[in-house]
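Residue numbers for the sequence shown follow numbering that gives the first Met the number 0, beginning at 0 and rising by one. In this text, a Cβ means the ideal position worked out from N, Cα and C, and glycines have one as well. Keep in mind that this is a model prediction, so the values were computed, not measured.
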Amino acid sequence: MPIGADHLVAAVSAGHPFAGSKSVDVAQLSREPLVVSADAAGSYLRSVFEPAVLDSATLARDIHTIAGLAACSAGVGLGPERMRLIARKDIWFCAVEPRFRLPDLQMSFRVTDSSPVLAAFLSVVRNNCTDVGSRLDELLARHPALGVS
């Protein structure tokens with residue numbers, strides 16, 4: 000079940016020439032050393048950047064590593080817009096133009112699983128993720144064994 004969508008942003012150190020810019024375009028990014036996740040470099044970013052640009056990118060494990068390497072001036076970090084939630088004074092975030100939608104964030108579970116832990120988790124998701132709640136309600140109505148009300 001899709002639970003969220005996001006767009007690509009660039010993270011740079013406070014001293015980087017892009018710092019202070021609201022957005023940066025793909026052509027500008029192509030001339031910079033990049034820091035990306037291995038999954039992104041191997042899949043969806045291939046539709047945005049030339050292979051040679053990504054082949055020379057530094058690969059990072061997660062968004063915190065991407066942000067940390069960008070803060071240390073190891074390159075321009077690329078990741079989901081939710082990276083903006085990382086509260087660091089040494090990083091500046093820029094929208095990437097043209098705007099590029101990332102693959103949807105997915106939630107997967109077995110609807111036949113009657114685990115109380117899963118039921119509690121789904122209840123939290125349903126109550127706190129309003130855009131997902133109605134789709135989840137429809138699914139859960141068809142599978143009352145999950146015990147989420």
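Assign R45 to one of two classes, buried (16 or more other C-beta atoms within 10 Å of its C-beta) or exposed (fewer than that).
exposed
Where does P1 sit, in a helix, a strand or coil, going by DSSP?
strand
For a test of the three-state rule: what should DSSP assign to L7, helix, strand or coil?
strand
Quick check on this structure: which residue in F99, S72 and L77 has the alpha carbon closest to the alpha carbon of I62?
L77
Work out the CA separation of H15 and G132 for me, nearest whole Å.
41 Å
Short Cβ contact (8 Å threshold) for A13 with V95
no
Using the Cα positions of L68 and G74, report the straight-line distance between them to the nearest angstrom.
7 Å
Assigned secondary structure, I65 (DSSP; H/G/I helix, E/B strand, else coil)
helix
Where the beta strand (DSSP E) through E96 begins and ends
I90 to E96
Assuming L58 is part of the alpha helix (DSSP H), what are its boundary residues?
First-last for L58: T57 to A59, but that is the beta strand (DSSP E), not the alpha helix (DSSP H).
Residues in the same chain with beta-carbon distance under 8 Å from Y43, minus the five sequence neighbours each way, listed in chain order, please.
L101 and P102
Throw me the rounded Cβ distance for the S36 and I65 pair, which I believe falls under 8 Å.
7 Å
Counting Cβ pairs closer than 8 Å, one from the region 115–125 and one from the region 133–140, do we hit at least three?
yes
Determine, using beta carbons only, whether S133 comes closer than 8 Å to chain B.
Looking at the structure shown, chain B is missing, and only one protein chain is on hand.
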